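Quick notes on the structure that follows.
Residue numbers (my numbering): 240 to 575.
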């Protein structure tokens, strides 16, 4: 007997929704449309966008796919098991309310969860009340490698973490949300933030400039958050310094480098980080979109819970909003 195939639909066929599938360098699937076509347990039945010109691309990728310009009509007609919402962030709240109105069993929502904390809280509470499986596409949370490294860090891989620095590009909310979520993944909950505008000329969405700052965690680790210009180069790095070594999360969040402490070859009685014997983890091509798809199916079949929850995304949003408020108040420390 063949396994059930779940009906999937995508609302919003922009870059991450569909168009990045055309990038020849990206590991495929690279988008939500690409995921639900490629996953062996799903069938892409419909897409929705307010720009019908994109439907030619969708039909070329999946002949026979149904197309809509009205998301409510899609939900009412298709009754999907899974819907991805990959529209602009200012529509996430309304799109989520619509998907919840039609009781879609599994909803994948692009980050951030919402623009306002109260909207995020409402979404999370209603999804929980309905028993809806909610997945926020902070995609690194779906990668098994991160769980392995986090476990090793918790078990003393580099000893007690003392300091952390982190770098990102292209807007605090647009890309910084991934960084903040990853920092929480490794370090836990946040106590306070202090933030400042990046005064250097940099490329970012007009309504989402890059912001620098400091984040204080419950475990008393402080993180220096720094933004760079995407037009110079892309970067997504977390550098964790412990008493017994260093872990660097690098290559846009794909790989790890681990250094351990060794006796100094030049100074008696001193130790230093061993950069001659760096341990590398990752390297092999991994597809975080496929990991997301696997998690969705596992949840629908009762084998798992969401690896990227609404609650986690709500916490990340609260930190982002606190950093923006700190900027408005001239770098004042904002307690969460």
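Cβ coordinates follow ideal geometry from the N, Cα and C atoms, glycine included.
All values reported here derive from a predicted model rather than from experimental measurement.
Helix, strand or coil at residue i according to DSSP, with G and I counted as helix
i, result
"residue 331", "helix"
"residue 396", "coil"
"residue 251", "coil"
"residue 487", "strand"
"residue 520", "strand"
"residue 440", "coil"
"residue 574", "strand"
"residue 257", "coil"
"residue 434", "strand"
"residue 390", "helix"
"residue 494", "strand"
"residue 535", "helix"
"residue 566", "helix"
"residue 561", "helix"
"residue 527", "helix"
"residue 551", "helix"
"residue 543", "coil"
"residue 505", "coil"
Counterpart residues of residue i in DSSP-defined beta bridges
i, result
"residue 577", "Missing from the structure shown is residue 577; the chain here goes from 240 to 575 and no further."
"residue 292", "None; residue 292 has no bridge partner."
"residue 512", "500"
"residue 452", "434, 464"
"residue 481", "400, 484"
"residue 429", "456"
"residue 246", "282"
Pairwise C-alpha distance: residue j and residue i
i, j, result
"residue 422", "residue 554", "12 angstroms"
"residue 282", "residue 245", "6 angstroms"
"residue 440", "residue 468", "8 angstroms"
"residue 289", "residue 339", "20 angstroms"
"residue 399", "residue 458", "10 angstroms"
"residue 403", "residue 393", "15 angstroms"
"residue 577", "residue 444", "Because the chain in this structure spans residues 240 to 575, residue 577 falls outside the shown range and cannot be described."
"residue 560", "residue 373", "22 angstroms"
"residue 369", "residue 342", "7 angstroms"
"residue 263", "residue 438", "35 angstroms"
"residue 565", "residue 473", "26 angstroms"
"residue 366", "residue 530", "22 angstroms"
"residue 490", "residue 316", "42 angstroms"
"residue 493", "residue 522", "7 angstroms"
"residue 534", "residue 275", "13 angstroms"
CB contact check: residue i to chain D, cutoff 9 angstroms
i, result
"residue 245", "Among the chains of the structure shown, chain D does not appear; only one protein chain is present."
Close-in-space but distant-in-sequence residues of the same chain around residue i (CB under 7 angstroms, 5 per side omitted)
i, result
"residue 447", "410, 411, 412, 413"
"residue 501", "510, 511, 513"
"residue 527", "378, 379, 381, 382"
"residue 352", "331, 359, 362, 375, 549, 552, 553, 556"
"residue 265", "259"
"residue 272", "249, 252, 256, 257, 260, 283, 286, 297, 300"
Contacting residues, own chain, Cβ-Cβ under 8 angstroms from residue i (five flanking each side not counted)
i, result
"residue 395", "483"
"residue 337", "310, 311, 314"
Beta-carbon proximity list for residue i, same chain, < 6 angstroms, skipping 5 on both sides
i, result
"residue 455", "430, 431, 461"
"residue 478", "404, 487"
"residue 205", "It is not possible to answer for residue 205, since the shown part of the chain is limited to 240 through 575."
"residue 465", "406, 451"
"residue 388", "495"
"residue 520", "495"
"residue 269", "259, 260"
"residue 418", "405, 407"
"residue 476", "406, 489"
"residue 228", "Since the displayed the chain opens at 240 and closes at 575, residue 228 lies outside it and no answer follows."
"residue 324", "250, 334, 348"
"residue 547", "374, 375, 377, 380"
3 or more residues per run - each beta strand (DSSP E) lying fully within the region 322-388: 345-348, 372-375
Which runs of the alpha helix (DSSP H) spanning at least 4 residues fall entirely within the region 270-315, listed in chain order? 271-277, 294-300
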